[in-house]
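Residue 1 is where the sequence shown starts when you use the working numbering, and the numbers rise one by one after that. Worksheet: one structure, shown below.
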Amino acid sequence: MEHSRNQMRFTMPTNEVYSPTTASNPKLSWFLIPSEHLDQTRFGIKLCEVLLSLVAFVLEELVSICISCTALYFFEFVSCAAFLFTLLLVVLLATPLHTWMSITCWPCIDFVYTASIAFFFIISSIVLAALNSRTPLERSAVVFGFVASVFFIADILLFLKTRGSPFSNTKEQLSNGMAAAQATPPEKEQLNSPTAEAV
Numbered sequence: 001m002e003h004s005r006n007q008m009r010f011t012m013p014t015n016e017v018y019s020p021t022t023a024s025n026p027k028l029s030w031f032l033i034p035s036e037h038l039d040q041t042r043f044g045i046k047l048c049e050v051l052l053s054l055v056a057f058v059l060e061e062l063v064s065i066c067i068s069c070t071a072l073y074f075f076e077f078v079s080c081a082a083f084l085f086t087l088l089l090v091v092l093l094a095t096p097l098h099t100w101m102s103i104t105c106w107p108c109i110d111f112v113y114t115a116s117i118a119f120f121f122i123i124s125s126i127v128l129a130a131l132n133s134r135t136p137l138e139r140s141a142v143v144f145g146f147v148a149s150v151f152f153i154a155d156i157l158l159f160l161k162t163r164g165s166p167f168s169n170t171k172e173q174l175s176n177g178m179a180a181a182q183a184t185p186p187e188k189e190q191l192n193s194p195t196a197e198a199v
């Protein structure tokens with residue numbers, strides 16, 4: 001009896017020590033919203049950009065007759081590019097996939113891409129609004145194109161409001177790197193110099 005009590009006395013603490021080690025690690029999640037590159041508000045805006053671009057592209061694809069096909073093809077290219085590349089950007093910034101790449105200027109990429117798509121979406125929507133066959137599908141595509149442009153512009157404004165200009169941060173990093181390089185004194189003599197060999 002005394003021997004069994006001693007075994008229980010020694011086995012009980014070991015179970016208490018090893019039991020908490022099975023806790024899950026929250027850092028292993030594949031969904032990183034909010035993150036340093038994308039917060040919840042801009043994540044929702046980008047999802048709306050993806051959906052609106054997709055709807056505009058599908059409506060344009062359903063058009064069977066066109067008077068000015070060049071304007072329709074231009075709108076098709078912009079809406080398709082906006083859907084694919086915005087979806088790719090959201091997947092990269094909302095998951096750890098962007099850490100697998102050797103890219104450090106994600107805010108600059110996000111800002112320049114969003115501004116470019118907003119500009120081209122507005123231009124293509126204006127051109128299609130002026131040169132279309134007045135069909136319900138074309139008018140609906142134009143409406144969704146303008147709405148998508150509004151969301152892209154809102155994304156840019158919210159980016160500037162919350163994070164500021166991404167280029168100023170890049171300039172600060174470059175200036176800090178140059179200052180650190182100038183602060184480190186160069187070696188006064190080479191390792192394989194004649195004076196070092198003589199010593």
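Where is the CB? At the ideal position from N, CA and C, for every residue including glycine.
Assumed close pair residue i, residue j - CB separation to whole angstroms, cut-off 8 Å
i, j, result
"PHE151", "GLU49", "5 Å"
"LEU52", "ALA148", "4 Å"
"LEU160", "ILE45", "Actually they do not touch by this definition, with Cβ atoms about 13 Å apart."
Check whether residue i and residue j have beta carbons under 8 Å apart
i, j, result
"LEU128", "LEU72", "yes"
"LEU47", "VAL90", "yes"
"SER140", "LEU54", "no"
"GLY145", "ALA81", "no"
"PHE167", "CYS108", "yes"
Contacting residues, own chain, Cβ-Cβ under 6 Å from residue i (five flanking each side not counted)
i, result
"SER165", "none"
"LEU120", "The sequence as given places Phe at residue 120; Leu does not occur at that position. Excluding residues within five positions, the ones whose Cβ falls inside 6 Å are VAL78."
"SER124", "PHE74, PHE75, VAL78"
"LEU253", "Shown here, the chain extends from 1 to 199; a query on residue 253 therefore has no answer."
"VAL142", "SER125, LEU128, ALA129"
"ASN25", "Low local confidence applies: a pLDDT of 49 at ASN25 is under 50, so the model's placement there is unreliable, with the coordinate-based value given in what follows. Contacts found: none."
"ILE122", "SER149"
Other residues of its chain near residue i: CB distance less than 8 Å, five sequence neighbours each side excluded
i, result
"THR135", "VAL63, ILE65"
"PHE85", "TYR113, ILE117"
"HIS98", "HIS37, LEU92, TRP106"
7 Å CB neighbourhood of residue i in its chain, flanking five on each side removed
i, result
"TRP30", "THR95, PRO96"
"THR104", "none"
"LEU38", "LEU93, ALA94"
"SER133", "ILE65, CYS66, ILE67"
"ILE33", "GLN40, PHE43, ALA94"
"SER153", "Inspection of the sequence shows that residue 153 is occupied by Ile rather than by Ser. The answer, listed in chain order, is ALA118."
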